[in-house]
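So the structure is just underneath, and the comments pick up after that.
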Amino acid sequence: MPKLWGGRFTKSVTKLMGEFNDSLPFDKRLWKEEVEASRAYAAALAKAGVLSKSDRAKIVKALTEIGKELSAGGFIFMPEDEDIHTAIERRLVEKAGDAGKRIHTGRSRNEQVATDERIFLKSANIEAGESIRNLQTCVLALARKTAADILPSYTHLQQAQLIRLGHYFLSLFFMLENDRQRFADLEQRLDVLPLGAGAVAGSTVKLDRDLLRRELNFAELSPNSIAAVSDRDFINEFLFAAAQTLVHLSRFAEDLITWSSTEFSFVELDDAYSTGSSMMPQKKNPDSLELIRAKVARSISNLNTLLTLQKGLPLTYSKDLQEDKEPLFDSFDTLTSTLRVFTGVISTLKIRRQNLLRNTDDSIYATDIADYLVEKGVPFRKAHEIVGKLVLSGTAKDKLLRDFAPDELRDISDLFDEDYRKIFDPTRSVERHDVYGGTSLKRVNEQMELAGKMLAKKKLRRR
Ligand code: ARG
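Residue numbers (this note's numbering): 32 to 494.
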């Protein structure tokens, strides 16, 4: 069979060019969207008087059969099928004859591809949000279990200040909430139907575009046919939202990898999410987390690919845009599988409470000691300097700060009293951070309550 566009050609493309040109191997994933959009288009053509009642019925029947063939794997692709659009149209003509030959009246693949992608993304977007929500549910459950536990926080990977472990896990929850909101915000920009844009200038058929919109369940119609066929900003946005989510996950994966090392031993991964070494019998490696940390690389590259693809691309459609699909599918698949694995890791993670404070150096109380002096009237900058000297002296003497004798303390400042030792209490330290968003138990509970409310809200905020 010749190509659908074969009329003005005297010879066919080489095999090499054929393979180079075809997008079918990857865009056949859009078959459902294509069948759905064609069905709606037939309705609009019938309303415009291009299709008779019986033509439309033949097309709808054929499309239903084609859908069945495609879902059951019985659809036979032909060498001349370049992409999913031409494949389905070719089969439609085989089944519905002349009626099938009318389906493309006033229609262009330029609008079809943008339409199919938007239909695909509308549900992919919901799935992304739901997968994030599932992870958030497990993260919140873990935060509840660990709300009271205390461990060091790190800045520059050096011990910084004591925090509640629940507070730490809630930080993941709230980052994920931003991610979920980002996908939800995107929904309104995805929910715009290009169909009716034609190749570039708008269809020549008097289509009832609002009928198309209702048939395909879109909120709005694209207001400009040129933008409709040219722009892929909605894919860029989805890829960014995916990459940002995975960037978040990669940082927590990194922490958990560190925390599962012998040196830290704060957590232990479930066997189901670890692997062994073929040589070293003792090894239990956090491969799940390493892969989660790694997956973001391709997600960032996919975003980069899409932006680079569109940079300086002349309006309107060029074949370059065919290259938008593989990165899109890859980012979506990577995102959902990574979220699923991370959810498994989090929901089976074992916390080794006994180790959380095992290697905490007394200098983690340095800020608390400075605050102690501030309470006695010392200006903070001065207190900072005094405590700096104390830490330095502790290091020089190889002595714990809590073990400094009263006369040793007085050498540094005469404001140190016998109540000095009360400072070295983990609970006291965290409870002092009693500000909204802080790490005191009351504030952590407050955050958990807020998190619960965010999860319970079915409908996300929309602008
Ligand atoms: N396979 C093409 C794509 O994915 C469909 C659009 C082709 N349009 C055209 N004018 N050649 O972008």
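C-beta: ideal position from N, C-alpha, C; glycine also. From a predicted model like this one, the values you see are computed outputs, not experimental measurements.
For Y72, no beta strand (DSSP E) run applies; the uninterrupted alpha helix (DSSP H) run containing it begins and ends at W62 to K78, by DSSP.
Closest in C-alpha terms to R240, from the list A75, N476 and F363, comes A75.
CA-to-CA, the gap between V144 and G343 works out to about 21 Å. With a cutoff of 8 Å on beta-carbon distance, I134 and S69 are scored as near each other. For R195, the uninterrupted beta strand (DSSP E) run begins and ends at Q189 to R195, by DSSP. Relative to the ligand ARG, the beta carbon of N267 is positioned no closer than 7 Å to any heavy atom. With a cut-off of 8 Å on Cβ pairs, the region 45–57 is not in contact with the region 209–220, counting fewer than three such pairs. Beta-carbon to beta-carbon, D180 and R389 are separated by about 13 Å, too far to satisfy the 8 Å threshold. Per DSSP, the unbroken alpha helix (DSSP H) holding I119 starts and ends at I115 to A127. Taking all protein chains shown into account, P312 has fewer than 16 neighbouring C-beta atoms within 10 Å of its C-beta and is therefore exposed. Spatial neighbours of K326 in its own chain (CB-CB distance under 7 Å, excluding positions within 5 residues in sequence) are listed in chain order as L277, T365 and T369. Under the DSSP assignment, L182 falls in the beta strand (DSSP E) whose first and last residues are I181 to T186. For R263, the closest alpha carbon among the candidates L152, A328 and L182 is that of L152. Using a cutoff of 7 Å, the CB of Y72 does not count as near the ligand ARG, since none of the ligand's heavy atoms is closer than that. Taking C-beta separations shorter than 7 Å and ignoring five residues to either side along the sequence, the partners of R371 in its chain run S162, following chain order. By the 16-neighbour rule on beta-carbons within 10 angstroms, V124 is buried. Distances from the alpha-carbon of D222 to those of V236, D216, P33 and E251 put E251 closest. Placement of the Cβ of K356 at a distance of less than 7 Å from at least one heavy atom of the ligand ARG is found. Excluding its 5 nearest sequence neighbours in each direction, R441 has C-beta neighbours in its own chain below 8 Å: F447, listed in chain order. Secondary structure at N316: strand, using DSSP grouped into helix, strand and coil.
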